[in-house]
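Undergrad: Quick one: structure below, then a few questions.
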């Protein structure tokens, strides 16, 4: 019989009661025909434990984790370090004993008071000026907060989780919106033949650190979306507390839905076609409805800024347009202008194949069912239509819709911003790629989550608690070499122990017997250079590049003086057989008895594994196809633990590699075939390992003439001083640069605050500015075909111009009914190349100086001759309106 869960509205401090049984007979032969969650009540003196367990701050706050561990160390391990499960496993008698223990009570009360201070005291954000938004909504299809809440697949989700955590630490008034997947992503195991296998354990929300959002009468809050053929999609809302940040997760597995609708939130990125589309409709449109319900019930302010984290959540813009049209009486164009002003869109995808695209007919089918009553469906379709050079007009592109619905957009690294401007340049014809209005905010990682506790302890012991709280990464230079090296050995040893345990478990799942697995006790060596590689396994990340020359890799692993060991992990998407084949090929190599003690593949890569893997590796390897890595934050997590990066110059490494914090793998030129490229880059990787990385780790000096190892550079105590110097440099320089606190501050200053100001301006006086902008956009689009530059002349320089001269530019333009105040006429100038293209142009505005009649005007301005060599200039015309955020926003330009 199918298992069901019966949930009840109980006091918040009540927690699920779990019991582990050693009675294998009862477990194997007695099955419940019905299952429900039984809750116990905590005694009043230790009642705050429930609140501490339900706020996910414990996942990055070490003192709280230590408190739970101290309550019952055995059950803490059995519960897999899940406070909710731990409390559910402790008996009532044990709780009563704890409540009588003055020391336990005092520690619980201290922890609760600390949480209260954390939740209420002013933090960084509260010191900002009044322009900062009162609340920001952050939409993402996945959130990686903790392994206890498995609602993530990889980098996008982990980034979203880190964003929420740092927002909480900084006091940023964020609210997260996502979906609650009944089976999360999937658990990965391997067959005996090393083929990836997926399982989808069903999650019980009542056993997770979640609270169901309820109406005042106790009934669950639901949001509703109409579906085709008279069906409906209902979803209830679960709330997770991520420190100060609430995270709302929509769940379609509710009464009132048919079986198909119940399965919409079955698994992360599960299914395809209509299933994926309905997930994204629920996330975007249902998410806005969930926000409104949450604000109504909690008395909190409505979001001023909406952040769309990747295209999956793009439909939130349609729901906001529907609200504005229905509630404010705005037209489509007016509502679009108002909504765009306060929306931020972040793209994480550097390849077109990674973007969700649907048939236009699919989108129309769902919206004709009444998803957005009163909103013209044809205009919705136009938002995602690929009606540009190189696009498919029959496709609806979620990233394109995200860009058209947001006034501000960004990639997640400087290089990725550049790649994104090239990918989406077709939306802005006539503009240079550098002018495409997509900026960049380089990702970061939440340091308290990912830095090993022993590093924090070292900082506190050596420099005092204020050093950690102030982020004094530069103090790493003051750590004695022997202390830092001893810590690195300790972390490596922890990793080796964890690898052996996980590898043995993996082999047992592959069908091996205990008697066959004695060799796993000797896998890896705590004294050997350890390299990590862990990430999702699409083909462009090139999991098997290291296998390009298997014999050379074998020699590197088994080198008699400079041996190397590799720890590898990663999941392939269930539908990606090419990725699964890469895993299989790699595991076949790792199974070889000659090398299996030096190279391992660990299945089921997740947050729990990462906590040991990142600190324990000496080097973090990343070799994607450049420039297909959007950011690649795994290397950041390694860096804050003192690991050095060995990576292709892609993603974040392209902008932060400085020659002293690791190594850059050279890339083949663009003319190489795929086979040649992989051969060249694999050979470069091997060369670095053999002549640079391994010798330096073992204390050998590197000669400057071919990079060969020379005499030992270890000090008299045998410490590899050059390597340790690189560790200190990495911690001091990369620590603050890769922090998610830096990232969130960048979002606040560069995107959230400007979006809040634009949103307020657009809404002021009954949306007067939004209405005016919509009318202006319609008028300027109608007139633009007649706008042109008739003639340009200049004066003010001699026949032999010199640096410091000033050039006066006169431009005669036809405006076809537009006024001079409605356009921006500029002179772009700079060094001219052989093709007359201006390199890195600068611009100055030209002012209207004379009405020539018939809609013709003379514009004039001056430009400085500020560089030698070939110098050039041109004149350009753009739309101009106070509601526009950039020259390119409307996609209109006239080039002389």
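In our numbering, the protein residues as written are 3 to 898.
Ideal Cβ placement from N, Cα and C applies to all residues, glycine included.
Taking the straight line between their C-alpha atoms, what separation do you get for residue 608 and residue 149?
TA: Roughly 7 Å between the two C-alpha positions.
Undergrad: Which residue marks the beginning of the alpha helix (DSSP H) containing residue 583, and which one marks its end?
TA: Counting along the chain, the alpha helix (DSSP H) containing residue 583 begins and ends at 579-592.
Undergrad: Hey, quick one: how far does the alpha helix (DSSP H) through residue 190 stretch, first residue to last?
TA: Counting along the chain, residue 190 falls outside any alpha helix (DSSP H), though it belongs to the beta strand (DSSP E) covering 189-192.
Undergrad: Whose C-beta lies closer than 6 Å to the C-beta of residue 353 among residues of the same chain, with five residues either side of it excluded?
TA: Excluding positions up to five away in sequence, the list reads 630.
Undergrad: In the DSSP assignment, find the alpha helix (DSSP H) that holds residue 280 and state where it starts and stops.
TA: Looking at the DSSP string, the run of the alpha helix (DSSP H) that includes residue 280 is 276-283.
Undergrad: Just verifying my parser: in three-state terms, what is the DSSP assignment at residue 134?
TA: In the structure shown, residue 134 sits in coil (DSSP, three-state: anything other than H, G, I, E or B).
Undergrad: Around the C-beta of residue 4, are 16 or more other C-beta atoms found within 10 angstroms, so that it is buried, or is it exposed?
TA: The predicted position of residue 4 is uncertain, since its pLDDT is 34 and thus under 50; a value taken from the coordinates is nonetheless stated next. Counting Cβ neighbours within 10 Å, residue 4 comes out exposed, since fewer than 16 surround it.
Undergrad: Is the beta carbon of residue 889 within less than 7 Å of some heavy atom of the ligand FMN?
TA: As for the ligand FMN, it is missing from this structure, which has no ligand bound.
Undergrad: Using 8 Å as the Cβ pair cut-off and three pairs as the minimum, do the stretch 724-739 and the stretch 481-501 touch?
TA: With the cut-off at 8 Å, the stretch 724-739 and the stretch 481-501 touch.
Undergrad: Rounded to whole angstroms, what is the Cα-Cα separation between residue 748 and residue 787?
TA: The alpha-carbon atoms of residue 748 and residue 787 are separated by roughly 39 Å.
Undergrad: Using the Cα positions of residue 895 and residue 172, report the straight-line distance between them to the nearest angstrom.
TA: Cα-Cα distance, rounded: 41 Å.
Undergrad: Please report how far the alpha carbon of residue 877 lies from the alpha carbon of residue 757, in whole angstroms.
TA: Rounded to whole angstroms, residue 877 to residue 757 spans 30 Å at the Cα level.
Undergrad: Identify, in the order they occur along the chain, each residue of the same chain with its Cβ nearer than 7 Å to the Cβ of residue 904, setting aside the five sequence neighbours on each side.
TA: This structure cannot settle anything about residue 904, because the visible part of the chain is limited to 3 through 898.
Undergrad: Okay, do the stretch 384-393 and the stretch 603-623 touch, 3+ Cβ pairs below 8 Å being the bar?
TA: The stretch 384-393 vs the stretch 603-623: no contact.
Undergrad: Consult DSSP for residue 828 and reduce its assignment to one of helix, strand or coil.
TA: Residue state, collapsed to three classes: strand.
Undergrad: Going by DSSP, which residues form a beta bridge with residue 69?
TA: In the DSSP output, where bridge partners are listed per residue, residue 69 has none listed.
Undergrad: Rounded to whole angstroms, what is the Cα-Cα separation between residue 450 and residue 385?
TA: Going by the C-alpha atoms only, they are around 40 Å apart.
Undergrad: At the level of alpha carbons, what is the spacing between residue 826 and residue 445?
TA: Approximately 34 Å, taken between the alpha carbons.
Undergrad: Need the endpoints of the beta strand (DSSP E) that residue 448 sits in, please.
TA: Here residue 448 belongs to no beta strand (DSSP E), and DSSP marks it neither H nor E.
Undergrad: Among 345, 675 and 657, whose alpha-carbon lies nearest the alpha-carbon of residue 761?
TA: The shortest C-alpha separation from residue 761 is found at 345.
Undergrad: Taking only the alpha-carbon atoms, compute the straight-line gap between residue 402 and residue 318 and give it to the nearest angstrom.
TA: About 14 Å.
Undergrad: Strictly by DSSP, which residues pair up with residue 859?
TA: Partner(s): 815 and 853.
Undergrad: Identify every run of the beta strand (DSSP E) within the stretch 213-238, keeping only runs that are complete inside it and at least 3 residues long; order them along the chain.
TA: The qualifying runs are 224-228.
Undergrad: Given a cut-off of 8 Å, decide if residue 441 and residue 412 are closer than it, judged by their beta-carbon atoms.
TA: Yes, they are a contact pair.
Undergrad: Roughly how many angstroms separate the alpha carbons of residue 279 and residue 369, rounded to a whole number?
TA: The straight-line gap from Cα to Cα measures roughly 11 Å.
Undergrad: Taking the alpha-carbon positions, what's the residue 569 to residue 535 distance?
TA: Approximately 6 Å, taken between the alpha carbons.
Undergrad: Could you check what DSSP says for residue 409 in three-state terms: helix, strand or coil?
TA: Correct three-state label for residue 409: coil.
Undergrad: Compare the C-alpha of residue 746 against each of 203, 443, 293 and 111 and name the closest.
TA: The shortest Cα separation from residue 746 among 203, 443, 293 and 111 belongs to 443.
Undergrad: My output table needs one value for residue 252: the three-state DSSP class, helix, strand or coil.
TA: Residue state, collapsed to three classes: strand.
Undergrad: Could you check whether residue 304 and residue 285 sit closer than 8 Å to each other, using their CB atoms as the reference points?
TA: It is not a contact, given that the beta carbons lie outside the stated cut-off.
Undergrad: Can you tell me the Cα-Cα spacing of residue 43 and residue 210, whole angstroms?
TA: Roughly 17 Å between the two C-alpha positions.
Undergrad: Short of 7 Å in beta carbon distance, which residues of its chain neighbour residue 589, apart from the five on each side in sequence? Order them along the chain.
TA: The answer, listed in chain order, is 192, 196 and 603.
Undergrad: Is it right to say residue 463 is buried, meaning 16 or more other beta carbons lie within 10 angstroms of its own, or is it exposed?
TA: Burial call: exposed.
Undergrad: Following the continuous beta strand (DSSP E) through residue 650, name the residue where it begins and the one where it ends.
TA: From DSSP, the beta strand (DSSP E) with residue 650 extends over 646-650.
Undergrad: For residue 205, count the other beta carbons within 10 Å of its own beta carbon; 16 or more makes it buried, fewer makes it exposed. Which is it?
TA: Residue 205 comes out buried.
Undergrad: Buried or exposed for residue 79, going by 16 or more other Cβ atoms inside 10 Å?
TA: It counts as exposed.
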